[in-house]
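S.K.: Pasting a structure below so you can have a look.
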Amino acid sequence: MLYLEKMKMHTITSGNYVTSVHGMVHPNRIIGEHDFLYILDGTWEIWEDDTSYALQSDDLLILTAGRHHYGKKLCNPGNRHMYVHALPTDVEKKYNHLYPSAVNPSEAFQLFSCSSLLHCQHNPKVRQYMQEIISVSWSHDPERENRLSLLFSLVLCELSRLEAQKSSLTPIDPMIEEIIRLIHSTPQTFFTAGEIASRYYICERTLNNRFHKYCTKTFPAFQMETKLEMVRQFLLTQPDTKLREAAINYGFCDEFHLSKAFKKHFGLSPSQYRQLHG
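In the UniProt record's numbering, the protein residues as written are 1 to 278.
This is the structure:
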């Protein structure tokens, strides 16, 4: 385990892709940066102090700054991986070297404990953000340092989420998260469960079961609640827009259908809600 500080400015010193055609041994070294090593394809065994880590595709290994990192054998020929080196913050330096029994909340509000080896097969954002970091690190963007720090913070947020999921009864479901993004990004469309199930090559029953497990409600119920919440925000931010326009914008048949669903969910008609909260 190591400690990482979210939402704190981190300096990215380097990032790159590596393809080892014949296989390679991890360098024997102690460096002053955290080494975030992500396996794109292949396997590798890497040691930190007296602990060995067996990595496979879409595994992320975080080698802590100031500790001894090395390898004893070659990775597989054709191994592909990427890495990002980031300087630790002052708080990270302190806690990763002292191994405290308790973290001082006032000193390390955004600190979280993280496993050295994380399996990211079901969280593609970690891979995506690391790839963006490497791309930005090679750019001449005048906002380069700010973008790198922000992207690295996004990586840490995803890692914190992965750690939280370990103790959660609701694991991450990338398919359901993708469907939720589809609902949000196409507010004018009401999808049927059959349309979504066909798009993802599953049956409607499986779709509803996975939605219920992840969101505690079926796909139709989740979609309706999401649409009504979007309408609620629209009515407040566009107080002069007629209800008919809101119905069209959010996929309802007409304003009467919208008004009935809105009142059933919020207990007030759209006009009453506007008067009360406008």
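All residues carry an ideal CB built from backbone N, CA and C; glycine is no exception.
(1) DSSP on V231, reduced to helix/strand/coil?
(2) Can you name, in chain order, every residue of its own chain whose Cβ lies under 8 Å from the Cβ of H277, other than the five neighbours on each side?
(3) Can you tell me whether DSSP reads V84 as helix, strand or coil?
(4) Ignoring anything shorter than 4 residues or poking outside the region 96-166, list the alpha helix (DSSP H) runs there in chain order.
(5) A197: which of N209, T186, Q188, P187 sits nearest, CA to CA?
(6) Taking 7 Å as the cut-off, is the CB of P171 close to at least one heavy atom of the ligand ADP?
(7) Have a look at the DSSP bridge pairing and note the partners of V18.
(8) Just to confirm, is the Cβ distance from C114 to I62 under 8 Å?
(9) Between K6 and the rest of its own chain, which residues show a CB-CB distance below 7 Å, the 5 nearest in sequence each way excluded?
(10) Would M130 and Y53 qualify as a contact pair, given that the criterion is a beta-carbon distance under 8 Å?
(11) In this structure, how does DSSP classify R181 when only helix, strand and coil are distinguished?
(12) Enumerate, from N- to C-terminal direction, the unbroken beta strand (DSSP E) stretches of 3 or more residues contained entirely within the region 21-80.
(13) Tell me the rounded alpha-carbon separation between Y17 and I30.
(14) Label A86 either buried or exposed according to how many other C-beta atoms from any shown protein chain fall within 10 Å of its C-beta, with 16 as the threshold for buried.
(15) Tell me which residue opens and which closes the alpha helix (DSSP H) that L243 is part of.
(16) With a 10 Å radius around its C-beta and 16 neighbouring C-beta atoms as the bar for buried, classify F256 as buried or exposed.
(17) Between which two residues does the alpha helix (DSSP H) harbouring Y273 extend?
(18) If we count Cβ pairs, one from each stretch, closer than 8 Å, do we get three or more for the region 201-217 versus the region 236-251?
(19) Note down, in chain order, each residue of its chain lying with its Cβ closer than 8 Å to the Cβ of C253, except the 5 sequence neighbours on either side.
(20) Assign Y3 to one of three DSSP states: helix, strand, or coil.
(21) Look up I172 in the DSSP assignment and say whether it is helix, strand or coil.
(22) Cutting at 8 Å between CB atoms, please list the residues of its own chain near M1, excluding the five before and the five after it.
M.R.: Checking against the coordinates, here is how it stands:
(1) Position 231 of the sequence shown, counted from the start, is the residue given in the question as residue 231. DSSP places V231 in helix when its eight states are reduced to three.
(2) Stepping through the sequence shown from its first residue, residue 277 is reached at position 277. If we look at H277 and ignore the five residues flanking it on each side, its Cβ neighbours are L236.
(3) On the sequence shown, position 84 is the one that residue 84 refers to. Three-state DSSP puts V84 in a strand.
(4) 124-137, 144-166
(5) Position 197 of the sequence shown, counted from the first residue, corresponds to residue 197. The residue with the shortest Cα to Cα distance from A197 is N209.
(6) This structure lacks the ligand ADP, and indeed carries no ligand of any kind.
(7) Your numbering for residue 18 matches position 18 in the sequence shown. V18 is bridged to H81.
(8) Within the sequence shown, the letter at position 114 stands for residue 114. Within the sequence shown, the letter at position 62 stands for residue 62. Yes. Within cutoff.
(9) Sequence index remark: in the sequence shown, residue 6 carries index 6 (1-based). Contacts found: Q110, F112, S153, L156, C157, S160.
(10) One-based indexing of the sequence shown puts residue 130 at position 130. One-based indexing of the sequence shown puts residue 53 at position 53. Contact: no.
(11) Within the sequence shown, the letter at position 181 stands for residue 181. It is helical.
(12) 34-41, 44-48, 51-55, 59-63, 68-70
(13) Residue 17 sits at position 17 when you count from the first residue of the sequence shown. Residue 30 sits at position 30 when you count from the first residue of the sequence shown. Y17 and I30: Cα-Cα distance of roughly 21 Å.
(14) Your numbering for residue 86 matches position 86 in the sequence shown. Result: buried.
(15) The residue labelled residue 243 in the question sits at position 243 within the sequence shown. Its alpha helix (DSSP H) spans residues 243-249.
(16) Position 256 of the sequence shown, counted from the start, is the residue given in the question as residue 256. Answer is exposed; the Cβ neighbour count stays below 16.
(17) Within the sequence shown, residue 273 is the residue found at index 273, counting from 1. Run containing Y273: 270-277, per the alpha helix (DSSP H) assignment.
(18) no
(19) Locating residue 253 in the sequence shown gives position 253, counting from the first residue. For C253, where only same-chain residues beyond five positions count, the Cβ hits under 8 Å are A247.
(20) As a first step, residue 3 must be located in the sequence shown, where it is residue number 3. Strand.
(21) Taking the first residue of the sequence shown as position 1, residue 172 is located at position 172. I172: coil per DSSP, three-state reduction.
(22) The residue you call residue 1 lines up with position 1 of the sequence shown. Closer than 8 Å at Cβ, skipping near neighbours: S113, C114, S115, S116.
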